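Numbered per this note's numbering, the sequence shown spans residues 19 to 416.
Heads up, the beta-carbon is just placed ideally off N, CA and C, and yes, glycines get one too.
Fair warning: this is a prediction, and the values are worked out from it, not measured in the lab.
Below: the structure, in structure tokens.
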Amino acid sequence: MATHDLDSGVATAAGRPWTRTAGMIGTGAAAGATIEYLLDPDRGRSRRAKVRDQASHAVHALSHGLGRVGRDLRNRSRGIAGAARFRLTGRSADDRILHERVRAELGRYLTHPHAVHVSVENRVARLEGDVLSREERPAERAIRRIPGVKAVDARWKVHRDPSNVPQLQGLGRARPPAPELLHQHWAPSARFVTGTAAAALWVLARRFRPAIAWPLRGAGAVLAARAATNLPLRRLTGINAGRRAIDVNRAISIAASPEEIWPLVSDYSIFATVMPDVREVRRSADGLRSHWEITGPAGRLIRLDAIETSREEGRHIAWKSADGQLIAHAGMVRLTPEEDGRTRVQVRLSYNPVVGAAGHAVARLLGADPATKLKEDLMRLKSYVEGRRRHAIGQPSR
């Protein structure tokens, strides 16, 4: 036992200088590369200016974010205090106020709240009308919990099949209250608290053995990523995110009419010209499907098929990837006339890259940011269309 402890101590002592030396070498290499990058004789000045701008923007964004967090925490504190007063003093409300509370609560739990008539007398809520069977009990329980409501007299008609009930026709959506952490987008205070909890998990993990420490660090990393990006985990990871893990939306104004631009974008003929990554686009005979060959990361050729989902001649065209594609995506091009014969060209892309938004972030770090590429492609489209227009105007009429 003693020999084992002695050997472990020697190994640990021997490992520390090696780790420290490796850290010093890495730090020195990083510092040298940074200095060389910033002090380059040709481009160092512009790089330093860019770093200053980015630092200023980061400070401004941090200040703005802290201000939002402070305001949100202050407002939520007032809300919690108001809710406590409501629970304590709300029971003295008259029937008119209780009627409004019941109507508001029905709007959260019923798909068709207008199909229910509410009356309140002596703090007894009477419910009449039509309601779906799956919504009856949750709505009744919620009304019973309203401060001031003494009893609920449910006289409504419960329906399993709404097909023969006119009051229950049409699309609707119940919106029962949900915890903040189950929302798709978190409030600033929720992100702040979650990020603080993630940091606490990392610190706490140091007190445990590796078998427990690493799961804690993993949970902290997931919480930190969720709080930093404010994206649901399915969009962050790309799992079950469909075609909407990432949304990219860009627009540009072109000095040409929609009639001049539409023939180029409607048959995809311009894409291989203005998008360097697009090698070839072939349309099917019926015009509803198209086959794309695109240069992907590391020069890899990616082939995909797209299906047109909607088209309005001269105005917009939309498509989505066929089922079974490696990268699920959808897109839309819209042309909007502007003054002086110009056209606003808007392109929206929704796609699900490998590993979702995390893969998008890695691609951005490696210089393959789709938002930047789309902006550059639109600039090339603008140059192509306006140059072609100037050339056509400059030619003598035949």
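Taking the Cα positions, R227 is about 14 Å away from L219. Assigned with DSSP and collapsed to three states, Q364 falls in strand.
Taking a cut-off of 8 Å on C-beta distances, the stretch 163-181 touches the stretch 110-121, as three or more cross pairs fall below it. It is roughly 28 Å from the alpha-carbon of V170 to the alpha-carbon of A99. With respect to the 7 Å criterion, E330 and W337 are not classified as neighbours on the basis of their beta carbons. Annotation for T214: the continuous alpha helix (DSSP H) segment containing it runs 206-223.
Between the alpha carbons of T52 and R63 lies a gap of roughly 13 Å.
In this model, F289 and L367 are separated by some 14 Å (Cα to Cα).
DSSP assignment within the stretch 32-94 yields no whole alpha helix (DSSP H) run of 4 residues or more. Secondary structure in the stretch 277-305: the beta strand (DSSP E) runs of 3 residues or longer, each lying completely within the stretch, are 296-301 in chain order. By the C-beta criterion, the stretch 93-107 is judged not to be in contact with the stretch 71-83, since fewer than 3 inter-stretch pairs fall below 8 Å. Of the other Cβ atoms in all chains shown, fewer than 16 fall within 10 Å of the Cβ of L319; this residue is therefore exposed.
DSSP places D113 inside the alpha helix (DSSP H), whose first and last residues are 113-127.
Only residues of its own chain outside the window of five on either side were considered, and among them H130, A133, D148, L150, H177, P180 have a CB closer than 7 Å to the CB of L186, listed in chain order. Between E404 and A273, the alpha-carbon positions lie close to 6 Å from each other. Looking at the DSSP output, K391 shares a beta bridge with no other residue. A348 is bridged by DSSP to K338, S368. Membership of L241 in the alpha helix (DSSP H) is indicated by the continuous run 228-247. Counting only the Cα atoms, D58 lies some 12 Å from G50. Taking C-beta separations shorter than 6 Å and ignoring five residues to either side along the sequence, the partners of H309 in its chain run R300, D323, following chain order. Here DSSP, grouped into helix, strand and coil, assigns A273 to coil. Of all C-beta pairs linking the stretch 348-355 to the stretch 274-285, three or more are shorter than 8 Å, placing the two stretches in contact. Annotation for A133: no beta strand (DSSP E) segment contains it, and DSSP assigns it neither H nor E. According to DSSP, residue pairing for T313 in a beta bridge involves L319. Proximity to R141 across P156, A111, R159 peaks at A111, based on C-alpha coordinates.
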